[in-house]
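Quick mapping for you: the protein sequence lines, in order, are chains A and B. Using UniProt numbering, read the first sequence as starting at 1 and increasing by one per residue. Using UniProt numbering, read the second sequence as starting at 1 and increasing by one per residue. Have a look at the structure below before the remarks.
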Amino acid sequence: MNATGRHADPIQDHIAALAAALRGPGKAKAQMVQDMRDGLVDTAEALAGDEVSYERAARQAVREFGTLDELVPSCQQELTVRQARHTARAVALTAPFLITCWYLARSAGHEGTWRLPLAAQLLAVHLAGVAIVAALLAAGTLAATGAAARRVPTPRRLPLVVAWAGTTASAAMAVAALALATAAAMVTNWPLLACAGGLAAVSHAAIAGSARLCRQCARLS
Amino acid sequence: MKADAVRGHLDGLLLAVLESGPLHGYAIIAAVQDRSGGLLELRTGTIYPALNRLERIGLLSSSWESAGERRRRCYELTGAGRRTLADERSAWSEFTAAIGSVLNPAVPPGLAT
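Rendered as structure tokens:
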């Protein structure tokens with residue numbers, strides 16, 4: 001009996017403890033936990049009978065299922081790879097987008113009556129370099145953790161590398177957003193730069209959250 | 001058979017029991033235990049991350065199916081999964097033949113002329 005005076009359900013307790021111990025992308029984690037709960041309930045129903053109560057069958061099902069120490073490492077390892085893919089996908093999609101924004105801003109500057117300030121141009125080159133490296137690493141990660149993983153084992157530290165690449169790309173995008181906002185204030189044709197800066201800020205927010213979760217997952221794996 | 005010994009062959013076991021058609025988690029566990037005559041000591045919870053990994057690398061696909069009032073996630077072999085299973089089988093045959101020929105030689109070395 002638990003603190004609220006109700007009989008505890010060993011399956012719900014075990015699944016709740018498992019869910020609390022795991023970190024990872026919401027959908028993947030929810031599906032894995034739901035699948036495990038279904039398996040436990042099915043096992044308990046199969047074990048229960050005329051001489052075995054459901055509660056006793058549920059306890060036996062939990063024992064056969066494995067302890068948290070036995071289950072969490074393999075579950076977390078899979079969720080960490082899933083999160084690394086999530087972060088890599090975000091970087092792979094937003095980094096080229098950011099480079100395109102810079103390119104459009106520069107092109108518009110060359111064709112029109114205004115130019116991007118020199119400092120902003122130099123910064124853009126460096127940030128574009130960071131974005132290109134991060135995007136290439138992200139594409140490599142998606143390949144290495146997808147079909148290629150059938151033949152080549154996924155390097156254990158790859159999620160941590162992706163997490164820091166995402167963090168770096170996110171920081172680069174924050175700097176880009178600030179630089180574009182500053183440049184927009186200095187030129188007459190500001191709407192394009194302000195728009196690019198806004199998009200960089202949105203990209204930064206999207207990648208920063210994913211990279212933070214990826215770092216947490218990598219630490220647990 | 002101890003869980004550590006089974007772990008290295010878990011992928012092959014899961015692919016093999018899914019060869020005949022889609023199954024949900026508990027049915028996969030039951031099929032493995034049934035086929036092994038209950039000799040494989042396997043923590044049943046360990047199959048779920050393995051199923052997720054096999055799906056991620058494209059050897060399985062999954063879908064949610066209704067079973068009475070509940071929905072269950074059913075796993076199915078993909079074409080790549082069938083090819084991998086065939087590779088696993090031939091690798092296992094070669095391995096057991098090699099180990100078997102050492103453990104049970106046809107002619108004991110001391111009697112060879």
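From the three backbone atoms N, C-alpha and C, an ideal C-beta is built for every residue, glycine too.
Inset, instruction - Report yes or no: is there a C-beta of chain B within less than 9 Å of the C-beta of Asp42 of chain A? - result: In the first sequence, residue 42 of chain A corresponds to position 42, counting from 1. Under the 9 Å criterion on CB atoms, Asp42 of chain A is classed as interfacial with respect to chain B.
Inset, instruction - Determine whether the Cβ of Arg56 of chain A lies closer than 9 Å to any Cβ atom of chain B. - result: The count along the first sequence starts at 1 and reaches residue 56 of chain A at position 56. Not flagged as an interface residue toward chain B: Arg56 of chain A, since no C-beta distance is shorter than 9 Å.
Inset, instruction - Would you decide whether Ile207 of chain A is buried or exposed? Buried here means 16 or more other CB atoms lie within 10 Å of its CB. - result: Start at 1 with the first residue of the first sequence, and residue 207 of chain A comes out as number 207. Around the beta-carbon of Ile207 of chain A, 16 or more other beta-carbon atoms lie within 10 Å, marking it buried.
Inset, instruction - Please list, in chain order, all residues of the same chain as Cys214 of chain A whose beta carbon is under 7 Å from its beta carbon, the five residues on each side excluded. - result: In the first sequence, the residue the question calls residue 214 of chain A occupies position 214. Within the same chain, Cys214 of chain A has close Cβ partners Gln83, Ala84, Thr87, Pro159, Val162, Ala163, Gly166.
Inset, instruction - Have a look at the DSSP bridge pairing and note the partners of Glu55 of chain A. - result: As a position in the first sequence, residue 55 of chain A is number 55, starting the count at 1. Assignment of beta-bridge partners to Glu55 of chain A by DSSP yields no partner.
Inset, instruction - Counting only the same chain and skipping the five closest in sequence on each side, list residues whose C-beta sits under 7 Å from that of Val41 of chain A. - result: As a first step, residue 41 of chain A must be located in the first sequence, where it is residue number 41. Around Val41 of chain A: Ile11.
Legend entry - DSSP three-state assignment for Leu59 of chain B, whether helix, strand or coil: For the purposes of this step, residue 59 of chain B is taken as the residue at position 59 of the second sequence. In this structure, Leu59 of chain B counts as coil in the three-state DSSP scheme.
Inset, instruction - Give me the Cβ distance between Gly144 of chain A and Val152 of chain A, rounded to the nearest whole Å; I'm assuming they're in contact under 8 Å. - result: Numbered from 1 along the first sequence, position 144 holds the residue referred to as residue 144 of chain A. Numbered from 1 along the first sequence, position 152 holds the residue referred to as residue 152 of chain A. At residue 144 of chain A the sequence reads Ala, which differs from the Gly that was named. Sure, about 7 Å apart at Cβ, within 8 Å.
Legend entry - Other residues of its chain near Leu68 of chain A: CB distance less than 7 Å, five sequence neighbours each side excluded: To locate residue 68 of chain A, count along the first sequence from 1; it is residue 68. These residues qualify, in order along the chain: Ala17, Leu18, Ala21.
Legend entry - Span of the beta strand (DSSP E), counted from its first residue to its last, around Leu77 of chain B: Counted from its first residue, the second sequence places residue 77 of chain B at position 77. Note, Leu77 of chain B: beta strand (DSSP E), 70-77.
Inset, instruction - Take Val33 of chain A and list the residues in its own chain whose beta-carbon comes closer than 7 Å to its own, dropping the five residues that flank it on each side. - result: For the purposes of this step, residue 33 of chain A is taken as the residue at position 33 of the first sequence. Excluding residues up to 5 positions away in sequence, Ile15, Leu18, Ala19 lie with their Cβ nearer than 7 Å to the Cβ of Val33 of chain A in the same chain.
Inset, instruction - Going by DSSP, name the residue or residues bridged to Glu65 of chain B. - result: Indexing the second sequence from 1 puts residue 65 of chain B at position 65. Looking at the DSSP output, Glu65 of chain B sits in a beta bridge with B:Arg72.
Legend entry - Three-state secondary structure assigned by DSSP to Leu42 of chain B: Numbered from its first residue, the second sequence carries residue 42 of chain B at position 42. For Leu42 of chain B, the secondary structure class from DSSP, reduced to helix, strand or coil, is coil.
Inset, instruction - Below 8 Å CB to CB, which residues in the same chain sit around Ala67 of chain B once its five sequence neighbours on both sides are set aside? - result: Here residue 67 of chain B corresponds to residue number 67 of the second sequence, with the count starting at 1. Excluding positions up to five away in sequence, the list reads His24.
Inset, instruction - Output the distance between the C-alpha atoms of Val148 of chain A and His126 of chain A, rounded to the nearest integer angstrom. - result: As a first step, residue 148 of chain A is located in the first sequence; it is residue number 148 there, counting from the start. As a first step, residue 126 of chain A is located in the first sequence; it is residue number 126 there, counting from the start. According to the sequence displayed, residue 148 of chain A carries Ala and not Val. Take the alpha-carbon of Ala148 of chain A and the one of His126 of chain A: they are about 31 Å apart.
Inset, instruction - Please compile the residues from chain A whose C-beta is within a distance smaller than 7 Å of the C-beta of Thr78 of chain B. - result: Indexing the second sequence from 1 puts residue 78 of chain B at position 78. None at all; the shortest Cβ gap to chain A is about 10 Å.
Inset, instruction - Hey, could you find the ends of the alpha helix (DSSP H) Glu45 of chain A is sitting in? - result: Here the question's residue 45 of chain A lines up with position 45 in the first sequence. Segment 26-47, the alpha helix (DSSP H) holding Glu45 of chain A.
Inset, instruction - Helix, strand or coil for His204 of chain A, going by three-state DSSP, please let me know. - result: Working through the first sequence from its first residue, we reach residue 204 of chain A at position 204. DSSP places His204 of chain A in helix when its eight states are reduced to three.
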